[in-house]
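Remarks on the structure that follows.
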Amino acid sequence: SSQDTGALNSEAVTAAVQGDFGDLTVNYGFDYNTRKGVSSFFQVVAASDDVKTYFGSSPLFGGPAFQIGTAGLREGEQQPALDLDGRPTFNVKARVYGHALTLNYEVSPALTIKSISAYRNYRQDGANGLSGNGSLLGFTLSPMLFVDGTVEPTGVQPVTPYDGYTPQRQHQFSQELQFLGQSGAFKYVAGAFYFREKSSEANYQTLTYVLPGGEAGVNLAPLQQFFGKARSYAVFGQLSYAPGDLELTGGVRYTHDRKWLTLAGDVQPNLDGKVSYNNMSWLVSANYTFRPGLMGYARVSSGFRSGGINPSATEINIFAPEKVVSYEAGIKAEWFDRRLRTNLSAFYVDYKDLQISQFLAGTGGATSAIVNAGRVAYRGVEAEITAIPVPGLTLDASLGYTSPKYKRYDYVDPLSDETINVASEARMGQAAKLNAHAGAQYEHDLGIGVLLLRADYSYRSTVYFHTLDRLNVFNRDIRSRPDHNLRARIGLSDLSAGSGKLDIGVWGDNLTNDRNIDFGIDFGDLGYASASFKKKRTFGVDARFTY
């Protein structure tokens, strides 16, 4: 039903028109999408003894039982959030639309001028249910306890680990101008880029802070709000030289970013911050064609992730740019009259001033600190293979292995206020070391249409969602263990339907019914951690009519 977690109704329209006026080509596109649904169910999977005692007492006051468990619940209760008019809701509503205009003018065979303009607008209002429980009851004290120390009982009231309602707004405009072309053995592109955006968010939070001992709690309603602006300017150029089987490429990009942020809500008086950063990135690459269908390449490039001001903090938290140098080499090949394709690559990526978001929570609600923790190196390999052993049958597989290693991770110990290196215990948040995939597809012409059979299996190793266990004590409890997914689809395509063609299919996802955690949050000082679980075995049908 429309109230079930994971329910989604999405309606979208896209339109595009192209005009050819001799040497000038004009493309305009528009898209509009409205979505209404209910977020995935977030379930409490671990909690401190005090939190278990406090919320576990709910039935004693006539409330529902405290829902907690490491396995995904088959059924349970969920507490609605209150929208801006005070009405209970489970829904999240979003509207996204955009315009894009591309002008392409061929001045001569050696020069083409391209203009790319785009505008996008986004707004979302919705329940942010992260408590994973129904309308619990508990004994509470006055919030003045945290203001002037007044201990005043407020009796038995509705309580919640954490819930919220979050309106979000954002719109952006970008303009890019390119000059590109080819002359003899040279190919080039040069241009300029401009980007601006405005964004805002108001996170209306409700939570119950459990006091030591678990006998009482304090209901709090922190408001976390920000208003932000950003500008980005860039110029770039790239030149390739390919006199024969060897191609050499070099490129540079200069970027200037400016950002403004105002922290509002409970931050009184409001705090304003402003930052600006410059960066020069570069690229050098070479590829060589040994024979038709066999090419090797090597590439070294640098890049950066702009610094900024953390919008999820209660103070001006400025973080510096993150810089990277990446090395990659590989071979792409086709064999046996293009019946076998192989792509192999190895890479080494060196990050400096790595930006890490450390999720925090307490009496001020859900906040974070973004820090430039240190230096980390990624080493890895990737392999892809596609084979057509017999006509109509295609086999494909891929493998990716990444081994991240922190060279340095600077952490400020809250007890000693000293900066220490905790690289040996730091994890790479939200990154899997191993990803693998295998699939098979068979196509056969039945005369009335084409029969298509497809099966896919994928594997992903363990993923942790936080970097330091010393900051997030439930990090291991909410980790996503190795994940397996089996999908299949049976379809018929190119069926005659009047003046058009019809494609229909029946599919299944997560056929092994794996109920693994797909995302988790450790709420730190609030004393618990919650997670959403992978969608259970799902079946569906799809149809497409083309005319």
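Using this note's numbering, you'd call the opening residue of the sequence shown number 2 and step up by one each time. For every residue, glycine included, the Cβ atom is placed at its ideal position computed from N, Cα and C.
Query                                                                                                                                                                           : Result
Would you call residue 422 buried or exposed, if buried means 16 or more other Cβ atoms sit within 10 Å of its Cβ?                                                              : exposed
DSSP three-state call for residue 548: helix, strand or coil?                                                                                                                   : coil
Quick check: what's the CA-CA separation for residue 118 versus residue 11?                                                                                                     : 26 angstroms
Taking 8 angstroms as the limit between beta carbons, can you name the residues of its chain near residue 408, skipping five residues before and five after?                    : 375, 376, 377, 378 and 424
In three-state terms, what does DSSP make of residue 53?                                                                                                                        : helix
Go to residue 174, then tell me how far its beta strand (DSSP E) extends in each direction, as first and last residue.                                                          : 169-184
For residue 540, name the three-state secondary structure that DSSP assigns.                                                                                                    : strand
Tell me the DSSP bridge mates of residue 406?                                                                                                                                   : 378
Once you ignore the five residues that flank residue 121 on each side, which residues in its own chain have a CB closer than 6 angstroms to its CB?                             : 99 and 173
Rounded to a whole number of angstroms, what is the C-alpha to C-alpha distance between residue 188 and residue 297?                                                            : 20 angstroms
Can you say whether residue 468 is buried or exposed, counting buried as having 16 or more other CB atoms within 10 angstroms of its CB?                                        : buried
Jot down the residue ranges of each uninterrupted beta strand (DSSP E) in the region 274-355, minimum 3 residues, whole runs only, in chain order.                              : 295-306 and 323-336
Fully enclosed by the region 202-267, which beta strand (DSSP E) runs are 3 residues long or longer?                                                                            : 218-221, 224-242 and 247-266
In its own chain, which residues sit with a C-beta less than 6 angstroms from the C-beta of residue 196, not counting the 5 before and 5 after it?                              : 175 and 233
Are the beta-carbon atoms belonging to residue 46 and residue 478 less than 7 angstroms from one another?                                                                       : yes
Using DSSP bridges, identify the partner residues of residue 1.                                                                                                                 : As displayed, the chain neither begins before 2 nor continues past 548, which places residue 1 out of reach and without an answer.
Buried or exposed for residue 110, please, with buried defined as at least 16 other CB atoms from any protein chain shown within 10 angstroms of its CB.                        : exposed
Can you find at least 3 beta carbon pairs, one from the region 523-531 and one from the region 486-501, that sit closer than 8 angstroms?                                       : no
How do the region 216-226 and the region 255-269 stand: do at least 3 beta-carbon pairs fall below 8 angstroms, yes or no?                                                      : yes
On the premise that residue 160 lies in contact with residue 220, defined as a C-beta separation below 8 angstroms, what is that separation, rounded to the nearest angstrom?   : 7 angstroms
Taking only the alpha-carbon atoms, compute the straight-line gap between residue 338 and residue 300 and give it to the nearest angstrom.                                      : 28 angstroms
Does residue 449 pass the burial test, meaning 16 or more other C-beta atoms within 10 Å, or should it be called exposed?                                                       : exposed
Which residues share a DSSP beta bridge with residue 195?                                                                                                                       : 176 and 234
Using 7 angstroms as the threshold, is the C-beta distance between residue 106 and residue 24 below it?                                                                         : yes
Considering only their Cβ atoms, is the gap separating residue 81 from residue 135 smaller than 7 angstroms?                                                                    : no
Between 311, 303 and 247, which has its C-alpha nearest residue 276's C-alpha?                                                                                                  : 311
Identify whether residue 74 lies in helix, strand or coil by the three-state DSSP scheme.                                                                                       : coil
Relative to the alpha-carbon of residue 541, which residue among 466, 61, 97 and 506 has its alpha-carbon at the smallest distance?                                             : 506
If you draw a straight line from the C-alpha of residue 154 to the C-alpha of residue 144, how long is it?                                                                      : 10 angstroms
Flag this pair as touching only if the region 389-399 and the region 437-447 have three or more C-beta atom pairs under 8 angstroms; answer yes or no.                          : yes
Is residue 187 helix, strand or coil when you go by DSSP?                                                                                                                       : strand
Just the C-alpha distance for residue 538 and residue 148, rounded to the nearest angstrom, thanks.                                                                             : 49 angstroms
Output needed for residue 281: all residues of its chain with C-beta closer than 7 angstroms, excluding positions within five of it in sequence on either side, in chain order. : 253 and 255
Where does residue 424 sit, in a helix, a strand or coil, going by DSSP?                                                                                                        : helix
Helix, strand or coil for residue 360 per DSSP?                                                                                                                                 : strand
First and last residue of the beta strand (DSSP E) that includes residue 158?                                                                                                   : 154-160
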